[in-house]
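Here is the structure we will look at, set down as structure tokens.
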Amino acid sequence: MSENKKTTIVLFSGDYDKAMAAYIIANGAAAYDHEVTIFHTFWGLNALRKDEHLSVNKGLLEKIFGKMMPRGVDKMGLSKMNYLGMGKKMIKNVMKKHNATSLPDLVDMAQEQDVKLIACTMTMDLLGLKKEELLDHIEYAGVAAYIGDSEDGNITLFI
Amino acid sequence: MSENKKTTIVLFSGDYDKAMAAYIIANGAAAYDHEVTIFHTFWGLNALRKDEHLSVNKGLLEKIFGKMMPRGVDKMGLSKMNYLGMGKKMIKNVMKKHNATSLPDLVDMAQEQDVKLIACTMTMDLLGLKKEELLDHIEYAGVAAYIGDSEDGNITLFI
Amino acid sequence: MSENKKTTIVLFSGDYDKAMAAYIIANGAAAYDHEVTIFHTFWGLNALRKDEHLSVNKGLLEKIFGKMMPRGVDKMGLSKMNYLGMGKKMIKNVMKKHNATSLPDLVDMAQEQDVKLIACTMTMDLLGLKKEELLDHIEYAGVAAYIGDSEDGNITLFI
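Next up, the structure:
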């Protein structure tokens, strides 16, 4: 077991508010010297997508998933009261008003604080996401790496 | 690290059934002498709202959120099969039939068992919730307090 | 505390994709010699339902719940982009294409690896589910057993 405390988060959800909660906890734990890992799986992978459209070689099903899923955190919707994006717009407005850090900035901050961002390779395959569509400086791993990281952890969450 | 075992729950969800699960686990752990904390953030804050309407001074966006969000656990809907409240009514009926403890009673019981109920101050700001709208005898804190509470914990959950 | 590491998962959700994540993590942890428990509560109980229709003696409300809830993992829908089952069909197609293990097979594999599958008796009562409707070789317990299992655990998740 390492000297540092450890926080390991599985980010399964593709909701804006849940991704925000995950990244706030991750940044908080990193500020308290935890080794922090966010393991992005299923819809949570969308948090790692680049903003722009990239033409990559895909099968039809993968193309459809790629079209329908949001490109990056800023495009995600709320888990509750999204109302076709109006609820999220309201949240973003009050966040600006209260000088709260936006979700894309929380992701940047996590990378600066050396939070380990992992993309689950098995679900990348399922959803047809390619490495070139995802943020730079992230890692790629499967469930075995997740178990290894979290079994000595202090805080283990599934979001 | 304290002598007692510790259970720390982040209650993010504003769903009736998920709040019920959180409070059942919290009361169970407290009965087994765990130090238990429920950290209410985002929609989970609604579990701590008082039943009555209170006129507090708010901006427009905060007023809209205040109107749209449920006042207290009894007003929440189910995460599945809510059907405009019918599913919840069914659940409440079968709970009464089986003499299961209702959600407002589970919250009371948690307070009697000294479960620490914390409202996340950052999301209170975002959703425009004021202290006078929330239950008495709760605590107010941010993510740092959550990390401190849960890093020595035995059971850490995000609900 | 036992010699083995422990992973304890509360499966609350009745979504196909979330149940898949739960069983993938459970099987992964079991492969690394963890003692693994999945505690099925609320909608997560549907993962343990047998495929066939069984006539058991129930009250009206319980009959309605029984009709409306999916019979076993293969009947569940996605948490996102389900589109009346089309999204799930797509996921199942790409899973087949990538030779990914299907959810019913993941449940079988968990049983072969001695993952302890527990049905929460309190919510079985609430939803009107009877033992004869659930898979064989599972255990029945309440929140006290869950606390006992997870308080010495390494990985504790709520899914």
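Chains as they are written, first to last, in the working numbering: chain F, 10 to 168; chain V, 10 to 168; chain Y, 10 to 168. Cβ atoms here follow ideal geometry from the backbone N, Cα and C, with glycine treated the same way.
In chain order, what residues of the same chain have a beta carbon less than 6 Å from the beta carbon of residue i, not counting five sequence neighbours either side?
i: residue 71 of chain F; result: 137
i: residue 20 of chain F; result: 31, 47, 49, 53 and 168
i: residue 26 of chain Y; result: 87 and 88
i: residue 29 of chain F; result: 112
i: residue 118 of chain Y; result: 36
i: residue 16 of chain Y; result: 38, 43, 45 and 164
i: residue 3 of chain V; result: Limits of chain V in this structure are 10 at one end and 168 at the other, which puts residue 3 of chain V out of reach.
Could you tell me which residues DSSP pairs with residue i in its beta bridges?
i: residue 15 of chain F; result: F:44
i: residue 69 of chain V; result: DSSP lists no partner for residue 69 of chain V.
i: residue 58 of chain V; result: V:143
i: residue 149 of chain V; result: V:128
i: residue 136 of chain V; result: None, per the DSSP bridge assignment.
i: residue 20 of chain V; result: V:49
Can you give me the start and stop residues for the alpha helix (DSSP H) that residue i sits inside?
i: residue 156 of chain V; result: 152 to 159
i: residue 96 of chain V; result: 95 to 106
i: residue 119 of chain F; result: 112 to 121
If I measure Cβ to Cβ from residue i and keep anything under 8 Å in the same chain, skipping five residues before and after, which residues do I get?
i: residue 124 of chain V; result: 35, 36, 39, 45, 46 and 47
i: residue 59 of chain F; result: 80, 81, 142, 143 and 144
i: residue 100 of chain V; result: 25, 26 and 87
i: residue 68 of chain F; result: 137
i: residue 10 of chain V; result: Bear in mind that a pLDDT of 45 at residue 10 of chain V, under 50, signals an unreliable position, so the number given afterwards is only what the model happens to contain. So the qualifying residues of the chain are 161.
Only counting the same chain, and skipping five residues up and downstream in sequence, which positions put a Cβ closer than 7 Å to that of residue i?
i: residue 96 of chain V; result: 87 and 90
i: residue 146 of chain V; result: 120
i: residue 109 of chain V; result: none
i: residue 74 of chain Y; result: 136 and 137
So with CB distances below 7 Å, who are the chain Y contacts of residue i?
i: residue 26 of chain V; result: 51
i: residue 23 of chain F; result: 89
Where does the unbroken beta strand (DSSP E) through residue i begin, and where does it stop?
i: residue 166 of chain V; result: 164 to 167
i: residue 125 of chain F; result: 125 to 129
Residues of chain Y with CB closer than 8 Å to the CB of residue i, please, in chain order.
i: residue 14 of chain V; result: 160
i: residue 77 of chain F; result: 90
Can you list the residues of chain F that residue i reaches, using a CB-CB cut of under 8 Å?
i: residue 35 of chain V; result: Those do not exist, as residue 35 of chain V stays about 16 Å from chain F at its closest Cβ, beyond 8 Å.
If the cut is a Cβ gap below 8 Å, which residues of chain B does residue i touch?
i: residue 97 of chain Y; result: Here chain B cannot be found, since the structure's protein chains are F, V and Y.
Does the CB of residue i have a neighbour CB from chain V at under 8 Å?
i: residue 130 of chain Y; result: no
i: residue 62 of chain F; result: no
i: residue 109 of chain F; result: yes
Do we get a CB-CB distance below 8 Å when we pair residue i with the residues of chain Y?
i: residue 135 of chain F; result: yes
i: residue 153 of chain F; result: yes
i: residue 41 of chain V; result: yes
i: residue 165 of chain F; result: yes
i: residue 146 of chain V; result: no
Mind listing the chain F neighbours of residue i? Cutoff is C-beta to C-beta under 7 Å, in chain order.
i: residue 174 of chain V; result: Look at the range of chain V in this structure, 10 to 168, and you will see that residue 174 of chain V is not part of it.
i: residue 70 of chain V; result: 99, 102 and 103
i: residue 85 of chain V; result: In chain order: nothing, as chain F lies at least about 10 Å away.
i: residue 156 of chain V; result: 37, 38 and 41
i: residue 30 of chain Y; result: 21, 50 and 51
Quick one: which chain V residues come within Cβ less than 9 Å of residue i?
i: residue 170 of chain F; result: A query on residue 170 of chain F cannot be resolved here, the shown segment of chain F reaching from 10 to 168 and no further.
Counting contacts by CB-CB distance shorter than 8 Å, is residue i in contact with chain F?
i: residue 56 of chain Y; result: no
When every heavy atom of the ligand HEM is checked, does at least one fall within less than 7 Å of the C-beta of residue i?
i: residue 95 of chain F; result: Within the structure as shown, the ligand HEM is missing, as the structure has no ligands at all.
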